[in-house]
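Each residue of the sequence shown is one higher than the one before, starting from 1 at the first, in the UniProt record's numbering. Written below as C-alpha cells is the structure these notes are about.
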Amino acid sequence: MGELEGLGRDYPFSIPPFFALILRAFSVIEGIALKVDPDYAIVQECFPYITRRLLSDDDPRMRAALRDVLYGGRQRLDLERLVRLADGFSAFTTDGLDMDAAAGVPALVQQQQQQQQQPEQQQLQLQQRQQVQQQQGVGQQRPALDPAARDALLLVFSEKGGYVQELIVEEVAAAVDALSASAAQQLLASFLASPPAAAALLRLERLGPLRPLLLPLPTPLELLGRVAPTITLSEEDQEALSVVRGALQIAQRLQAAQPPPSAAGGASAAAAAQRRGARAAGDAVFGAARTCSYARCCGAPRGAPAA
C-alpha cells in the first residue's frame with residue numbers, strides 16, 4: 001500500500017466524473033440483471049454495438065482496433081475472431097423488428113393502440129394483406145434475404161469504400177498469391193516426377209563428359225528442375241491457405257445447416273430464388289471488384305463512382 005501511495009503522489013491521476021457515472025450505471029444494470037440471469041454479462045450485451053461501430057466507423061483508432069480484433073497479432077485473418085465479429089454484427093441488426101419497437105415505443109403502448117383500432121379497420125387491413133399475397137405468384141417472389149446479410153452486403157459493397165473493403169482486398173490478394181504458389185509448386189513437382197521427365201533427365205546424365213559438347217545450353221526440363229526449389233511457401237502463405245480452407249469449411253457447414261424447402265413446389269422456387277440471388281451477388285461482386293481495382297490502380301478518390 002505504501003508503494004501505491006508513493007506512486008499516486010508521484011504520478012497523480014483522476015477518473016473523469018462522466019466515466020464514474022458510466023461505471024455506476026453499468027454496475028447497477030448488471031446487478032439488476034444478475035438477479036434474473038446469473039450468467040448475464042453487460043460486456044457481452046455491448047459487444048454487438050461495439051462490432052457495428054468497428055465495422056462502420058472509418059476513424060483511424062477504429063481501424064487499428066478492428067485490425068487487432070480480426071488478426072490478433074497474426075499476419076493473416078483469424079477466422080474464429082471473424083465469426084464472433086459476424087455474430088455480433090448480426091445481433092445488432094434491428095431491421096426485422098417493428099418500427100415502433102425499434103424507435104423505443106413500449107410494447108404495452110403498442111398493444112393498447114392495437115386494441116383501440118376499430119374492428120372495421122382490422123378487417124380492412126386483413127383483406128389488404130390477403131390481396132397482396134394473392135397477387136404475388138410463386139415464380140415472382142424474390143429470394144428472401146436476412147436483414148443482417150443485407151446490412152453486411154451493403155457494408156462490404158458500399159460505393160463510399162471503407163477499411164473493411166481494404167481488408168477484403170488485402171486478404172483476397174494474399175489468398176490468390178498463396179494459391180498460385182501452391183499450385184505452381186505441386187504442378188512442377190508432379191511434372192518432374194513423371195516417368196517421361198525422369199527418363200529424359202536420365203538420358204542427359206548418361207551423356208557424361210560429352211554433355212557440354214553436345215548440349216552446351218541447359219534444356220527446358222533442367223531449367224524447370226532448377227526453378228522448382230525456389231518456389232516455396234512462406235509462413236504468411238501457409239496462414240493464407242489455412243484461411244481459405246477454414247472459409248470453405250464454414251461455407252460447407254452453413255450450406256448443410258440450411259433446411260430443405262417443405263412446401264409443394266418449394267424445390268423449384270428455391271432453385272429459381274438461388275439463381276436470382278447468385279446472379280445479383282455476382283453482379284455486385286464484379287461491380288465492387290471493378291471499383292476497388294480502379295481506385296487502387298488509378299488513385300481515384302474514395303467514394304468516386306465506378307466507371
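Every residue, glycine too, gets a C-beta built ideally from N, C-alpha and C. All figures in this text were calculated on a predicted structure; none of them were measured in a lab.
Excluding its 5 nearest sequence neighbours in each direction, alanine 184 has C-beta neighbours in its own chain below 7 Å: Ile231, listed in chain order.
Note that the stretch 51-68 does not touch the stretch 214-224; fewer than 3 beta-carbon pairs, one per stretch, sit closer than 8 Å.
Residues Gly162 and Tyr163 of the same chain have their beta carbon placed closer than 7 Å to that of aspartate 58, with the five preceding and five following residues left out of the count.
Sequence-distant partners of glycine 72 (beyond 5 residues in either direction) whose C-beta falls short of 8 Å from its own C-beta, in its chain, are Asp78 and Arg81. Aspartate 237 counts as buried, since no fewer than 16 other beta carbons sit within 10 angstroms of its beta carbon.
Here alanine 240 really is in contact with alanine 174; their C-beta atoms are around 4 Å apart, less than 8 Å. Between the beta-carbon of alanine 178 and that of leucine 233 there is about 7 Å, and that keeps the pair under the 8 Å contact cut. In this model, phenylalanine 47 and leucine 124 are separated by some 42 Å (Cα to Cα).
In terms of CA proximity to alanine 86, Ile250 leads the group Pro196, Arg203 and Ile250.
A distance below 8 Å between beta-carbons, with the five flanking residues on each side excluded, links arginine 226 to the following residues of its chain, in chain order: Pro218. Rounded to the nearest whole angstrom, the C-alpha separation of alanine 65 and tyrosine 11 is 28 Å.
When the beta-carbon positions are compared, glutamate 171 and valine 243 come within less than 8 Å of each other. Within 10 angstroms of the beta-carbon of phenylalanine 18 lie fewer than 16 other beta-carbons, which makes it exposed. The closest CA to that of glycine 88, considering only Ile50, Arg61 and Pro60, is found on Ile50. Pairing isoleucine 29 with isoleucine 42 gives a Cβ-Cβ distance under 8 Å.
Rounded to the nearest whole angstrom, the CA to CA distance from leucine 155 to alanine 228 is 42 Å. When only Cα atoms are considered, arginine 203 and aspartate 68 end up about 56 Å apart.
Between proline 38 and leucine 70, the alpha-carbon positions lie close to 30 Å from each other. Cβ-Cβ distances below 7 Å link alanine 197 to Phe191 and Leu221 in the same chain, with the five nearest sequence neighbours on each side left out; the list follows chain order. Separation of arginine 129 and leucine 248 (C-alpha to C-alpha, rounded to the nearest whole angstrom) is 41 Å. At a cut-off of 4 residues, the continuous stretches assigned as alpha helix (DSSP H) that sit fully inside the stretch 42-82 are 42-56 and 60-71. Exclusion of the five residues before and after phenylalanine 13 leaves no residue of its chain whose Cβ lies closer than 6 Å to its Cβ.
It is roughly 52 Å from the alpha-carbon of isoleucine 168 to the alpha-carbon of proline 212. In this structure, the CA atom of lysine 160 is about 44 Å from the CA atom of valine 36. Sixteen is the threshold: since fewer than 16 other Cβ atoms of the shown chains lie within 10 Å of the Cβ of arginine 9, the residue is exposed.
Closest in C-alpha terms to aspartate 151, from the list Ala256, Ala91 and Arg245, comes Ala91.
Take the alpha-carbon of alanine 256 and the one of alanine 20: they are about 48 Å apart. A residue is called buried when at least 16 other Cβ atoms come within 10 angstroms of its Cβ; glutamine 165 meets this threshold and is buried. Counted as a single uninterrupted DSSP element, the stretch harbouring leucine 207 is not any alpha helix (DSSP H), since DSSP gives it neither H nor E. Taking all protein chains shown into account, arginine 206 has fewer than 16 neighbouring C-beta atoms within 10 Å of its C-beta and is therefore exposed. Under the DSSP assignment, lysine 35 falls in the alpha helix (DSSP H) whose first and last residues are 17-36.
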